[in-house]
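Heads up, the working numbering is the position in the sequence shown plus 845, with the first residue counted as 1.
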Amino acid sequence: MVGIFPNLNKENVRNALPAVVKAAEHAKIKVAFPLEIAEEFGVPGYDQEDPASLSRLDFAMTLGGDGTILRAARYVTPLQVPLIGVNMGKVGFLTEACFPDLEKVLKKMADGAYTIEKRSMLQLSIWEAGKIIKKGHALNDMVLESADRSRLTRLRMRIAGQPSANFPSDGIIIASATGSTAYSLSAGGPVVHPSLSVMLITPICPHALHARPLVIPMKDTIEIEPYPPFEEILVSADGMTIASLEKTQKVIVERCPFDAKFARLSPLRYYETWQDRLLRNEGQTIV
């Protein structure tokens, strides 16, 4: 059964839901909708807050853009449910297909004509007095930034136990290879092939000439703690704030114990995809 994760805030997505039901009927594959709208469309429902409910899904299909995939990933990646994105947004780096091809996509899934691609993820833990008080995981990135955009953060960083950076900035982005085309890219970080097992450390507007993005092996652990003068620092995972970092706390970012799984219907042309989708976002095309 394919769980449909629609971005219900988008009118074009809401209007497309009847067509999703018809396409699934033609492809002879069962779909499930979010519990709050399932009855309206006469299909089974799932509760994204209930792991037992999500475990019944064979796939999680998103209708929207990359943000919709990231939201779905929070719930299904710990359960190892493969994701497949149908792009109904703008850029869609993580998506597999466009909506006009939905019926073909569902038929391929029903026929088992797909492969599974794994993507490394990040795990963040907040420590205080030798104990973990908060955990989170992310497909794209973890961000530590000032709650007050007019104030600098001061963060001390160690990589694999070794002192690495100590400079004021607006914050720090820790991105996976998958997340290299997201916030990190906007902050001047490099584009990295998603198959690489690396983390990117990208400072946000650092007040230091020597501060540059770093690419490190995913096996190395990153430890970050604030130093005075202290400002309120927000910690987010894939765009969702998960904590406010206190001056007595530290953050550890490392490889997540589980990977994200993506269903792929054809070999991806990564280099062409990057160019095409970046230019499309700027209103351009490849000649």
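Cβ atoms here follow ideal geometry from the backbone N, Cα and C, with glycine treated the same way.
- For residue 861, the three-state secondary structure derived from DSSP is helix.
- In this chain, the alpha helix (DSSP H) harbouring residue 948 covers 947-956.
- With the rule of 3 Cβ pairs closer than 8 Å, the region 973-981 does not count as touching the region 1101-1118.
- Here residue 873 carries a coil assignment [DSSP, helix/strand/coil].
- For residue 850, the three-state secondary structure derived from DSSP is strand.
- Taking each of 1082, 1010, 1081 and 954 in turn and checking the Cα distance to residue 1110, the smallest one comes out for 954.
- DSSP, read as helix, strand or coil, puts residue 924 in helix.
- With 16 or more other CB atoms across the displayed protein chains lying within 10 angstroms of its CB, residue 990 is buried.
- Rounded to the nearest angstrom, the Cβ distance from residue 910 to residue 937 is 5 Å, consistent with a contact under 8 Å.
- Three or more Cβ pairs closer than 8 Å define a contact, and the region 922-933 falls short of that threshold against the region 1067-1075.
- For a cut-off of 8 Å, the C-beta gap from residue 1014 to residue 1051 is around 4 Å, short enough to register as a contact.
- DSSP lists 1004 as the beta-bridge partner residues of residue 1007.
- Under the DSSP assignment, residue 886 falls in the alpha helix (DSSP H) whose first and last residues are 880-886.
- Residues of the same chain with a CB within less than 6 Å of the CB of residue 1064, apart from the 5 flanking positions on each side, do not exist.
- For residue 967, the enclosing beta strand (DSSP E) starts and ends at 967-973.
- With three or more CB-CB distances shorter than 8 Å, the region 881-896 counts as touching the region 852-870.
- For residue 897, the enclosing alpha helix (DSSP H) stretches over residues 896-899.
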